[in-house]
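Reading through the structure tokens given below for one structure.
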Amino acid sequence: MAWTDERIELLKKLWAEGHSASEVAARLGGFENYPDKGRSAVLGKLNRLEIPSPAEKTGRQGPRVYQQKLRKAYPTNAAPKSGRPKKEPQTSTLPAVANGVEKIRLKEELPLRRLPGPKALVLINGEKVTVLHLSDKTCKWPIGDPGTEDFCFCGHTPRDKSPYCEYHARAAYQPMQDRRHRRYA
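Structure, rendered in structure tokens:
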């Protein structure tokens, strides 16, 4: 559909009369293949022509007017049409609960065990264990900042089928706590 001068003048005239974009598109015709029957094409052309909507010109409030009409037609404090009196909200005698969920406290706390640390860094030929010294027989736990010269690896004997020694395996693999021992606060 092409926008000829005659169609643009008709668009301006219908829009100035206060017709909706859908009505304008229907009167203009030629939008049968559009999913919205040309409504968006009309609005797009009006936008490109910088023609304000009638609500912007007259200062109408659009949806607010409709909402005010609804409030007048259906007041909220009116009695139901069934003739029964409106129910008053009931108050509860139950104690108030924060956010709808009562806080749960555990009766006993689980003691935390302090694990003994690895004895000392393993030295290979008098040097710290670097990435070049790592094998399946060394703990691969990194120690320090990788960007510094002091960076090295633990180097202790790893436990069965683990890349880490006993100490670092406990730090790396935390057992899943039983749900009843979780803290709720």
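Numbering (our numbering), first residue to last: -12 to 172.
The beta carbon of each residue, even a glycine, is placed where N, CA and C say it ideally should be.
**OP:** Quick one: using the 10 Å Cβ neighbour count with 16 as the cut-off for buried, is residue 119 buried or exposed?
**Re:** Under this definition residue 119 is an exposed residue.
Subject >> CA nearest to the CA of residue 136, picked from 114, 123 and 125 >> reply: Of the candidates 114, 123 and 125, the one whose C-alpha sits nearest the C-alpha of residue 136 is 114.
**OP:** Reducing DSSP to helix, strand and coil, say where residue -7 ends up.
**Re:** DSSP, read as helix, strand or coil, puts residue -7 in helix.
Original post:
Under the DSSP definition of a beta bridge, which residues are partnered with residue 130?
Top reply: Partner(s): 139.
Original post:
Taking Cβ positions, are residue 5 and residue 15 nearer each other than 8 Å?
Top reply: Taking a C-beta distance under 8 Å as the contact criterion, residue 5 and residue 15 do not qualify as a contact pair.
**OP:** Let me know the secondary structure DSSP gives residue 176 once reduced to three states.
**Re:** Beyond the ends of the chain as shown, which are -12 and 172, falls residue 176; an answer cannot be given.
Subject >> Host alpha helix (DSSP H) of residue 155 (start-end) >> reply: For residue 155, the enclosing alpha helix (DSSP H) covers residues 153 to 159.
Original post:
Thinking just about the alpha-carbon of each residue, which of 139, 126 and 133 is nearest to the one in residue 159?
Top reply: Among 139, 126 and 133, the Cα nearest to that of residue 159 is on 126.
**OP:** Would you kindly work out how many angstroms separate the C-alpha atoms of residue 117 and residue 138, rounded to a whole number?
**Re:** Going by the C-alpha atoms only, they are around 8 Å apart.
Original post:
If you draw a straight line from the alpha carbon of residue -4 to that of residue 57, how long is it in whole angstroms?
Top reply: Within the model, the alpha-carbon separation for residue -4 versus residue 57 is close to 36 Å.
**OP:** Please work out which residues of its chain come closer than 7 Å, Cβ to Cβ, to residue 2, disregarding the five sequence neighbours upstream and downstream, and give them in chain order.
**Re:** Only 11, 33 and 38 meet the Cβ criterion.
Subject >> DSSP-derived helix/strand/coil call for residue 34 >> reply: DSSP places residue 34 in helix when its eight states are reduced to three.
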